[in-house]
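Per my numbering, the sequence shown starts with residue 139, numbered consecutively.
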Amino acid sequence: MAEDADEAFFAALAQPGIRGLRAYDPGHDLVAVRARHDLLIELGSNENPQGAAPAARIAMLDAMHQVHRYPDPLGGDLKRALAARHGVSSAQLVLGNGSHELLMQFAQVFAGPGDEIVASQYGFAVYALASQAVGATLRQAPALPRDHAMARGHDLDAIASMLTPGTRIVYLANPNNPTGTWFGRDAFDAFIARVPEAVLVVVDEAYAEFGEADGDDYASALQWQGAHRNLVVTRTFSKAHALAGLRVGYAIANVGLIAVMERVRESFNVNSVGLAAAKAVLDDEEHLCWSLARNAEQRALLATALRERGWFVHPSLTNFLLVEFGERTQAIEAGLLAQGVVVRPMAGYGLAGCLRITVGEAGENRRLLAALDAL
């Protein structure tokens, strides 16, 4: 086809790291799927079904009156609110169009051809994309075995053993997507002590609020930031705060590191509606706690129901479950979709026998289970 020939022509003109890169796979074309179903149960994207805090909706409507103006390029109000929340200075913060943008930019700024980036075998797909886009070599450490308490989670000892003089960045996720697993305080303390100062440790905490609410042994890497200037923590408003459609994320790091990151940040990378809504949800702790409690309750019920049906469910401190269905996985996923239930296939992560299922509201989870039983 002419389109294929054109793509090959322009790919040859692209930078080496881009030529072999495949675009991020978001799963199903949900717009098309929605058009085919009157009532679609969307459990594939780890969205928060409880919705954003009421204060965010008011803030969004307010901000709509000013959309003819550019947003604050510094995101000053949101940064000050985040600084107060986390006990850091505003100069330690950089905002992103979701944390996805920032995860890509850390590789853009601090790695390149001939460098190495280390991540876990079943880490978030963006780590591989970020590495390849800049021409760096991604080295994946073997994950913990399936029979471990943190099945297929990060093996921090294995990750540390893969560091070489060529390593520039280590990507970790805590809790991890797509497994839902996490590592504890002592394990991270021992790990960060082994990492040379010239190697950035980027801890992706997109699901941190779930871990902080439910996990006795979960600890945010923010606790170590003062002692390790090479430590970066990224977070997002997409998950626990239910602002996925607005794309607001942030990173907290050493002031000097953030100053370098600001050199590549797009001038208006977070829109005014997103800035207003994100600041508003920070002021509504009651809604967040309610939402997290609902998630924990439904996650436990759903995990129990799936295990009772004989399937292997990975431990999770997130708003999703990684479930192993084995040889029937592809047929089960297709059968669920035919019944209007969307889940996330995991073949792209090397987990072809698994599906990732977002924890929905009680009614959504019941419909999922009924659809599974029908299969």
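Don't be surprised by glycine CBs; every beta carbon is placed ideally from N, CA and C.
- In the three-state scheme derived from DSSP, where H, G and I count as helix and E and B as strand, Pro192 is classed as helix.
- Counting the other CB atoms within 10 Å of its CB gives Asp354 a total below 16, which places it among the exposed residues.
- For Glu423, the enclosing alpha helix (DSSP H) covers residues 423-446.
- Between Phe262 and Ala311 a beta carbon distance of about 5 Å is seen, short of the 8 Å cut, so the two are scored as contacting.
- Contact between Val419 and Ala389 fails: their C-beta atoms lie close to 18 Å from each other, not under 8 Å.
- Nearest to Gly488 by C-alpha distance, out of Ala472, Gly464, Gly478, is Gly464.
- Judged by DSSP in its simplified three-state form, Leu220 adopts helix.
- Annotation: Ala336 to Gly383 spans about 36 Å, alpha carbon to alpha carbon.
- Following the DSSP letters along the chain, one finds Phe244 inside the alpha helix (DSSP H) bounded by residues 236-248.
- The shortest C-alpha to C-alpha distance from Val232 to any of Gly213, Arg223, Gln153, Gly250 is the one to Gly213.
- Annotation: Glu400 to Gln477 spans about 46 Å, alpha carbon to alpha carbon.
- The Cβ-Cβ distance between Leu426 and Ala378 falls below 8 Å.
- DSSP places Gln361 in the helix class (H, G or I) of the three-state scheme.
- Beta bridge pairing from DSSP links Gln278 with Ala257.
- Between the alpha carbons of Leu282 and Pro313 lies a gap of roughly 14 Å.
- Looking from the CA of Leu455, the closest CA among Thr442, Arg437, Ala443, Arg447 belongs to Arg437.
- Just measuring C-alpha positions, the residue of Ala414, Glu404, Asp293, His366 sitting nearest Val205 is Ala414.
- Between Gly364 and Ser237, the alpha-carbon positions lie close to 22 Å from each other.
- In the DSSP assignment, Phe326 is bridged to no other residue.
- The DSSP-derived three-state label of Glu180 is strand.
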